[in-house]
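S.K.:
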Ligand code: ADP
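Residue numbers (the working numbering): 437 to 922.
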């Protein structure tokens with residue numbers, strides 16, 4: 437049994453309360469899995485709005501940023517073995533996570549700098565201060581919002597002889613979001629000027645770049661994506677920096693919260709099912725067809741999509757395949773929210789065989805995942821992707837773009853070897869998506885036994901956090917065993 441570690445996980449999102457995408461799921465489930473392995477895990481998130489599950493610790497802390505002192509307070513709850521700490525400040529408590537109807541909040545840099553400073557003191561705020569030398573402590577910072585954590589650990593703690601044995605890991609969930617700001621605001625961050633070059637990229641302050649350079653280790657959400665981001669297409673300008681950190685950049689495929697995503701026990705479904713008996717899945721399909729006003733017909737293939745409506749997700753490609761899918765007699769259900777133009781285009785595509793819901797609804801996401809026969813993930817790039825794993829767990833066969841974590845999680849169906857769990861197609865190509873959907877539908881119609889085996893393989897695979905958490909643990913231990921990077 438490895439030594440018990442103290443892990444401080446810092447993220448802007450946290451499922452189920454503050455969720456935009458997969459980051460929230462990971463920020464919830466990875467700490468639970470690490471705690472189950474015997475580690476002490478403190479998960480810190482902003483208190484975007486009041487939560488009745490967390491109580492006010494009465495503890496406050498003050499930090500100087502942008503020339504003023506700011507006081508935060510801390511709320512606390514212990515859930516599933518994880519200490520959850522919510523940092524409270526008026527700038528963080530606005531309801532929206534990243535912005536409102538007018539777009540991203542204008543003071544994002546201040547919000548996240550304050551959040552990072554406060555998160556690093558969260559253990560003391562709940563009466564569990566870290567050892568002064570930081571022994572056995574790992575800060576796990578998720579995405580650019582938490583990317584100042586590795587910098588502050590180096591600049592404000594280790595450089596002053598504090599927490600010198602603590603290590604930091606930056607977890608990258610999406611290279612497309614880097615947090616860039618004008619160089620002039622550097623002075624507000626309470627960092628010595630020598631850190632400017634760490635944060636500078638192309639004449640701007642780049643939070644993600646600062647995190648990549650300062651962290652002791654960098655992890656991203658799938659091995660394939662860890663490789664892709666070392667190249668210019670997926671690296672979004674930071675591929676050179678990632679190549680430089682090469683030896684300490686690794687990919688670990690996310691898991692799923694298999695309690696939340698369990699076809700045998702899912703409160704959102706009208707019927708339960710498992711890999712041995714799929715009869716409940718047919719009931720889920722009929723109920724969804726009925727509730728969405730589609731013809732209730734088990735003989736019509738139902739194709740599902742759930743995801744953020746964003747150019748990254750390739751929603752436009754999928755919309756282009758709809759006339760063809762209609763000709764094949766398929767029904768389509770789409771759930772997503774995001775870009776107003778893509779929301780409008782999705783709604784416009786509705787007809788008697790296609791239903792679109794442009795909202796965020798965990799219940800409907802579960803129902804579409806359970807009810808569909810096929811599940812499309814047409815992303816142009818996809819760091820990990822959780823929806824294809826959720827689909828496979830529910831016996832819904834994924835048709836996915838061959839990119840990032842989709843490649844690591846979906847094995848192509850091989851009719852000769854009778855192996856594989858889905859179909860893959862060339863990212864960005866609507867024509868190739870049609871080809872893949874054609875093969876999938878052909879198998880569904882003409883080779884039901886083979887299709888059934890594809891479903892079974894997907895359902896029986898281990899999508900839990902058990903393996904990934906063991907890999908995270910190993911990386912953390914290696915980071916602690918090595919010297920600090922910066
Ligand atoms: P990303 O993190 O890029 O958004 P992922 O596939 O990693 O993509 O994670 C998306 C998560 O958000 C999944 O848990 C998915 O079920 C959920 N999700 C996405 N869109 C919606 C929506 N409109 N309503 C409910 N859940 C959604």
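In this text, a Cβ means the ideal position worked out from N, Cα and C, and glycines have one as well. Quick caveat, the model's predicted, so the values are computed rather than measured.
#1: Look up residue 501 in the DSSP assignment and give the residues it is bridged to.
#2: My guess is that residue 734 and residue 723 are in contact by the Cβ rule of under 8 Å, so how many angstroms apart are they, rounded?
#3: Once you ignore the five residues that flank residue 504 on each side, which residues in its own chain have a CB closer than 6 Å to its CB?
#4: Can you list, in chain order, the residues of its chain whose CB lies under 6 Å from that of residue 479, leaving out five sequence neighbours each side?
#5: Looking at C-alpha atoms only, which residue of 890, 820, 838, 661 is the closest neighbour of residue 853?
#6: Report yes if the C-beta of residue 461 is less than 6 Å from at least one heavy atom of the ligand ADP; otherwise report no.
#7: Within 10 angstroms of its Cβ, does residue 619 collect 16 or more other Cβ (buried), or is it exposed?
#8: Sort 668, 700, 655 by Cα distance to residue 683 and report the nearest one.
#9: Following the continuous alpha helix (DSSP H) through residue 751, name the residue where it begins and the one where it ends.
#10: Could you pull the start and end residues of the alpha helix (DSSP H) that residue 891 belongs to?
#11: Per DSSP, which one or two residues make a beta bridge with residue 515?
#12: When the distance is taken between beta carbons, is residue 641 closer than 7 Å to residue 635?
#13: Who pairs with residue 814 in a beta bridge, going by DSSP?
#14: Can you tell me whether residue 454 sits near the ligand ADP, meaning its C-beta is under 6 Å from at least one heavy atom of the ligand?
#15: Do residue 832 and the ligand ADP come close, with the Cβ less than 6 Å from some heavy atom?
#16: At 3 residues or longer, and completely inside the segment 621 to 668: list those beta strand (DSSP E) runs for me, N to C.
#17: With respect to 6 Å, is the separation between the Cβ of residue 750 and the closest non-hydrogen atom of the ligand ADP below this value?
#18: Quick one: using the 10 Å Cβ neighbour count with 16 as the cut-off for buried, is residue 680 buried or exposed?
#19: Going by alpha carbons, who is nearest to residue 563 out of 492, 876, 589, 624?
#20: Could you tell me whether the segment 758 to 773 touches the segment 781 to 790, using the rule of 3 or more Cβ pairs below 8 Å?
#21: Cβ of residue 671 within 7 Å of Cβ of residue 665?
#22: Within 10 angstroms of the Cβ of residue 691, are there 16 or more other Cβ atoms? Answer buried if so, exposed if not.
#23: Round the Cβ separation of residue 473 and residue 905 to the nearest angstrom and send it over; I've been treating them as touching at under 8 Å.
#24: Figure out for me which residue from 554, 546, 773 has the closest Cα to the Cα of residue 616.
#25: Please determine, among 570, 559, 689, 638, the residue with the shortest C-alpha to C-alpha distance to residue 662.
#26: Between the beta-carbon of residue 844 and the beta-carbon of residue 660, is there less than 7 Å?
#27: How would you write the range of the alpha helix (DSSP H) that residue 614 sits in, first residue to last?
#28: Going by the DSSP bridge assignment, what does residue 603 pair with across the sheet?
#29: Within the continuous beta strand (DSSP E) that includes residue 559, where are the two ends?
#30: Hey, quick one: how far does the beta strand (DSSP E) through residue 546 stretch, first residue to last?
#31: If we ignore side chains and look at the alpha-carbon of each, how far apart do residue 471 and residue 912 end up?
#32: Decide yes or no for the touch test of the segment 574 to 586 against the segment 594 to 607: beta carbon pairs closer than 8 Å, at least 3 of them.
#33: Can you pull the DSSP bridge partners for residue 858?
#34: If you compare alpha carbons, which of 721, 452, 549, 892 is closest to residue 710?
#35: Would you give the residue range spanned by the alpha helix (DSSP H) that residue 829 belongs to?
#36: What residues match up with residue 491 in a beta bridge as DSSP calls it?
M.R.: Concretely, from the data shown:
#1: Bridge partners of residue 501: 504.
#2: Wrong, their Cβ atoms sit about 12 Å apart, outside the cutoff.
#3: Once the five neighbours on either side are set aside, residue 504 has no close Cβ partner at all.
#4: Residues of the same chain with a CB within less than 6 Å of the CB of residue 479, apart from the 5 flanking positions on each side, are 445, 467, 518, 520 in chain order.
#5: The candidate whose alpha carbon is nearest that of residue 853 is 890.
#6: Of the heavy atoms belonging to the ligand ADP, at least one sits nearer than 6 Å to the Cβ of residue 461.
#7: Exposed, by the Cβ-count rule.
#8: Taking each of 668, 700, 655 in turn and checking the Cα distance to residue 683, the smallest one comes out for 655.
#9: That run of the alpha helix (DSSP H) goes 751 to 763.
#10: Unbroken alpha helix (DSSP H) run through residue 891: 884 to 896.
#11: Answer is 518.
#12: Yes, they are a contact pair.
#13: DSSP output for residue 814 lists no bridge partner at all.
#14: Outside the cutoff, so no.
#15: The answer is no for residue 832.
#16: Counting only runs of 3+ residues, the beta strand (DSSP E) found wholly inside the segment 621 to 668 occupies 640 to 642, 653 to 656, in chain order.
#17: It does not: the Cβ of residue 750 is nowhere closer than 6 Å to a heavy atom of the ligand ADP.
#18: Classification for residue 680: exposed.
#19: Among 492, 876, 589, 624, the Cα nearest to that of residue 563 belongs to 492.
#20: As far as the Cβ criterion goes, the segment 758 to 773 touches the segment 781 to 790, which means the pair count is three or higher.
#21: In terms of Cβ geometry, residue 671 and residue 665 form a close pair [threshold 7 Å].
#22: Buried, by the Cβ-count rule.
#23: With a Cβ gap of about 6 Å, residue 473 and residue 905 count as contacting.
#24: For the residues 554, 546, 773, the minimum Cα distance to residue 616 belongs to 546.
#25: Between residue 662 and the set 570, 559, 689, 638, the nearest pair of CA atoms involves 689.
#26: Yes.
#27: Residue 614 -> no alpha helix (DSSP H), and no H or E assigned at all.
#28: Among the bridge pairs identified by DSSP, residue 603 is matched with 574.
#29: Segment 558 to 561 is the alpha helix (DSSP H) holding residue 559; no beta strand (DSSP E) there.
#30: That residue, residue 546, is in no beta strand (DSSP E); its alpha helix (DSSP H) goes 544 to 555.
#31: Each residue's Cα considered, the two are about 14 Å apart.
#32: As far as the Cβ criterion goes, the segment 574 to 586 touches the segment 594 to 607, which means the pair count is three or higher.
#33: Answer is 848, bridged to residue 858.
#34: For the set 721, 452, 549, 892, the Cα lying nearest the Cα of residue 710 is the one of 892.
#35: Residues 823 to 829.
#36: DSSP lists 512 as partners of residue 491.
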